[in-house]
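Engineer:
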Amino acid sequence: EAEVAQSPRYKITEKSQAVAFWCDPISGHATLYWYRQILGQGPELLVQFQDESVVDDSQLPKDRFSAERLKGVDSTLKIQPAELGDSAMYLCASSLLGREAFFGQGTRLTVV
Amino acid sequence: GESVGLHLPTLSVQEGDNSIINCAYSNSASDYFIWYKQESGKGPQFIIDIRSNMDKRQGQRVTVLLNKTVKHLSLQIAATQPGDSAVYFCAENGDTGNQFYFGTGTSLTVIP
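As you go down the protein sequences, you meet chains L and X in turn. According to my numbering, the residues represented by the first sequence are 1 to 112, in order. According to my numbering, the residues represented by the second sequence are 1001 to 1112, in order.
1. If I'm right that residue 48(L) touches residue 31(L) with Cβ under 8 Å, what's the distance once you round it to whole angstroms?
2. Answer with buried or exposed for residue 1047(X), where buried requires no fewer than 16 other C-beta atoms within 10 angstroms of its C-beta.
3. Would residue 23(L) pass as a contact of residue 4(L) if the rule is Cβ separation under 8 Å?
4. Using alpha carbons as the reference points, say which of 1082(X), 1100(X) and 1104(X) lies closest to residue 1014(X).
5. Kindly indicate which residue of 34(L), 105(L), 100(L) and 9(L) has the alpha-carbon position closest to the one of residue 58(L).
6. Given a limit of 8 Å on CB to CB distance, which residues of the stretch 1026-1051 of chain X reach chain L?
7. If you measure beta-carbon to beta-carbon, which residues of the stretch 1092-1105 of chain X are closer than 9 Å to chain L?
8. Does any CB atom of chain X fall closer than 8 Å to the CB of residue 24(L)?
9. Quick check on DSSP: helix, strand or coil for residue 1084(X)?
10. What residues from chain X crowd round residue 100(L), counting only those whose CB sits closer than 7 Å?
11. Consult DSSP for residue 77(L) and reduce its assignment to one of helix, strand or coil.
12. What do you get for residue 1096(X), buried or exposed, if any count of 16 or more other CB atoms within 10 angstroms of its CB means buried?
13. Mind checking who residue 1072(X) pairs with in its DSSP beta bridge?
14. Is it the case that the Cβ atoms of residue 1066(X) and residue 1090(X) are separated by a distance below 8 Å?
15. Start and end of the beta strand (DSSP E) containing residue 100(L)?
16. At a CB-CB cut-off below 8 Å, which residues of chain X make contact with residue 56(L)?
17. Between residue 92(L) and the ligand FAD, is there a pair consisting of the residue's CB and a ligand heavy atom that are separated by less than 7 Å?
18. How many whole angstroms separate the CB atoms of residue 1063(X) and residue 1045(X), which I take to be in contact at a CB cut-off of 8 Å?
19. Using the Cα positions of residue 106(L) and residue 1027(X), report the straight-line distance between them to the nearest angstrom.
20. What's the gap between the Cα of residue 1103(X) and the Cα of residue 27(L)?
21. If the cut is a Cβ gap below 8 Å, which residues of chain X does residue 31(L) touch?
22. Just curious, the beta strand (DSSP E) that residue 62(L) is in, first and last residue?
23. Would you identify the three-state DSSP class for residue 84(L), choosing helix, strand or coil?
24. Using a C-beta cutoff of 8 Å, does residue 45(L) count as contacting chain X?
This is the structure we're talking about:
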């Protein structure tokens, strides 16, 4: 069964360091999302791509976060510098346009 | 952002009973709704979806009801099993039609 792949599963980093997460969506899914989920809350959208283009990054803290999907397939989300408040689960999802989003297992980030 | 909320943050049911999880959404422009199940440490898993031209949709042991008049969704799980224990989120697609906004979630515990 096709699935969204994310790595790493867990990441511990010191504050002020840089960290990056990788996502490989389901093959053929042009839409890719990055969400952040704080413990006990629902996922919140950070950025949405359609192919290689950013559709919406209005909720992405652009002073420290960046996202790219250069070839319209896999994607990288970066945080530099990481802050304590960035500790969360970072989820990647993909979909066909207008259809349900399928999520990866996420990357659990802990900033110390 | 959108406002999608759940009436009950926690729900406990006996194994074999039926479960009902409720969700209120705020954006009348939303025309597509999804229920996700999230187990601890994992990404959200698609359960069932419904479009606004329907008021009921059934899957395997699950039924989603949509009341557009009062902007309310519910997820019914028949013969609840211990494996159903998880957090359940409803999500709506909002104004753009291709983004998903999540509520806080309801934690379902099935008592053997």
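Positions of the beta carbon are idealized from the N, C-alpha and C atoms, including for glycine.
Structural biologist: Reading it off the structure:
1. Locating residue 48(L) in the first sequence gives position 48, where the first residue counts as 1. Locating residue 31(L) in the first sequence gives position 31, where the first residue counts as 1. Contact holds; Cβ gap of about 7 Å.
2. To locate residue 1047(X), count along the second sequence from 1; it is residue 47. Buried is the call here.
3. In the first sequence, residue 23(L) corresponds to position 23, counting from 1. In the first sequence, residue 4(L) corresponds to position 4, counting from 1. Cβ distance < 8 Å, so residue 23(L) and residue 4(L) count as in contact.
4. Residue numbering aside, residue 1014(X) sits at position 14 when the second sequence is read from its first letter. Nearest C-alpha to residue 1014(X): 1082(X).
5. Along the first sequence, read from residue 1 onward, the residue named residue 58(L) stands at position 58. Minimum Cα distance to residue 58(L) is reached at 34(L).
6. 1032, 1034, 1036, 1041, 1042, 1043, 1044, 1045, 1046 and 1049
7. Listed in sequence order: 1093, 1096, 1097, 1098, 1099, 1100, 1101, 1102, 1103, 1104 and 1105.
8. Position 24 of the first sequence holds residue 24(L). Chain X contact via Cβ: absent.
9. The residue labelled residue 1084(X) in the question sits at position 84 within the second sequence. In this structure, residue 1084(X) counts as helix in the three-state DSSP scheme.
10. Taking the first sequence and counting its residues from 1, one reaches residue 100(L) at position 100. In chain order: 1034, 1046 and 1049.
11. What you label residue 77(L) is simply residue 77 of the first sequence in a count that begins at 1. Three-state result, residue 77(L): strand.
12. By 1-based counting over the second sequence, the position of residue 1096(X) is 96. So residue 1096(X) ends up on the exposed side.
13. On the second sequence, residue 1072(X) is found 72 positions in, with the first residue counted as 1. Per DSSP, 1024(X) and 1067(X).
14. As a working mapping, residue 1066(X) is identified with position 66 in the second sequence. As a working mapping, residue 1090(X) is identified with position 90 in the second sequence. No, the Cβ-Cβ distance between residue 1066(X) and residue 1090(X) is not below 8 Å.
15. For this step, residue 100(L) is matched to residue 100 along the first sequence. Segment: none, residue 100(L) is in no beta strand (DSSP E) and carries neither H nor E.
16. As a first step, residue 56(L) is located in the first sequence; it is residue number 56 there, counting from the start. Here the neighbours are 1096 and 1099.
17. This structure does not include the ligand FAD; it has no bound ligands of any sort.
18. In the second sequence, counting from the first residue as 1, residue 1063(X) sits at position 63. In the second sequence, counting from the first residue as 1, residue 1045(X) sits at position 45. Wrong, their Cβ atoms sit about 17 Å apart, outside the cutoff.
19. As a position in the first sequence, residue 106(L) is number 106, starting the count at 1. As a position in the second sequence, residue 1027(X) is number 27, starting the count at 1. Cα to Cα, residue 106(L) sits roughly 28 Å from residue 1027(X).
20. Against the second sequence, residue 1103(X) aligns to sequence position 103. Against the first sequence, residue 27(L) aligns to sequence position 27. Taking the straight line joining both Cα atoms gives about 28 Å.
21. Taking the first residue of the first sequence as 1, we reach residue 31(L) at position 31. Ordered by position in chain X, the residues that pass the 8 Å Cβ test against residue 31(L) are 1098.
22. Position 62 of the first sequence, counted from the first residue, corresponds to residue 62(L). Unbroken run through residue 62(L): none, as it is neither H nor E.
23. Against the first sequence, residue 84(L) aligns to sequence position 84. Residue 84(L) sits in a helix when the DSSP states are folded into three classes.
24. Counted from its first residue, the first sequence places residue 45(L) at position 45. Against chain X, the CB of residue 45(L) has a partner CB under 8 Å away; the residue lies at that interface.
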